[in-house]
Amino acid sequence: MLLRRLSRCVLVTSAATVAALTALPAAAHADTGPGHIAPPPFSALDGVGHAFGHDELTITVADSGNGHDGTSDLRCGPAGGTHRDPGAACATLDRIAADGTDPFAPVPAGAQCTMLYGGPATAHITGTWHGRPVDASYKLSNGCETARWRQLVPVLPATAP
Numbered sequence: 263m264l265l266r267r268l269s270r271c272v273l274v275t276s277a278a279t280v281a282a283l284t285a286l287p288a289a290a291h292a293d294t295g296p297g298h299i300a301p302p303p304f305s306a307l308d309g310v311g312h313a314f315g316h317d318e319l320t321i322t323v324a325d326s327g328n329g330h331d332g333t334s335d336l337r338c339g340p341a342g343g344t345h346r347d348p349g350a351a352c353a354t355l356d357r358i359a360a361d362g363t364d365p366f367a368p369v370p371a372g373a374q375c376t377m378l379y380g381g382p383a384t385a386h387i388t389g390t391w392h393g394r395p396v397d398a399s400y401k402l403s404n405g406c407e408t409a410r411w412r413q414l415v416p417v418l419p420a421t422a423p
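Counting from 263, one number per residue, gives the positions in the sequence shown under the working numbering.
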């Protein structure tokens, strides 16, 4: 009787474990799409853009309310271009990327954002940074987008209150 009860318990536990393990890979990768391979973190590429002169960005800002609207060019390694403060802008990008974070990444899908409108300012950054193409748009439509913009100041201008 005890042996029969023990074998039934082992059988049920084993079946549950197998079911859980076979479902795990599908659930763990459900949102990545077929063949998705994440790029290496930016810190793995430190210096690549600088060595080959590929850190060139075009930044277009509109409706910022502070007189800094228009288009400017930013080069890093060494810092230069028509940007107002290329040294500080390049340092900001390097600081954000130091831990592997993509400074141009969009707000993640499904993020819980406050509905605090930050103003009409918009920006668009294109070019190449650390050997990777950049095509990022910015707006102040909610708390997440506003935080994303503010982390890039002075790459993007601080907006008027």
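All C-beta atoms in this analysis are idealised placements derived from N, C-alpha and C, irrespective of residue type, glycine included.
Query, Result
"Separation of Thr-376 from Asp-356, as counted between CA atoms", "28 angstroms"
"Asp-361, buried or exposed, once every other Cβ within 10 Å from all chains shown has been counted against 16", "exposed"
"Three-state class that DSSP yields for Leu-241 in the structure shown", "No answer is possible for residue 241: the residues shown for the chain start at 263 and end at 423."
"Gly-332 burial status per 10 Å Cβ neighbour count (16 or more: buried)", "exposed"
"First and last residue of the uninterrupted alpha helix (DSSP H) at Gly-405", "405-413"
"Alpha-carbon spacing of Gln-413 relative to Asp-397, whole angstroms", "17 angstroms"
"Inter-residue Cα distance where the pair is Pro-368 and Gly-339", "25 angstroms"
"With 16 other Cβ atoms within 10 Å as the buried cut-off, status of Ala-306", "Its pLDDT being 45, under 50, Ala-306 is placed unreliably in this model, and the value from its coordinates should be taken loosely. Exposed: under 16 other Cβ atoms inside 10 Å."
"Residues bridged to Thr-384 (per DSSP)", "Ala-324, Lys-401"
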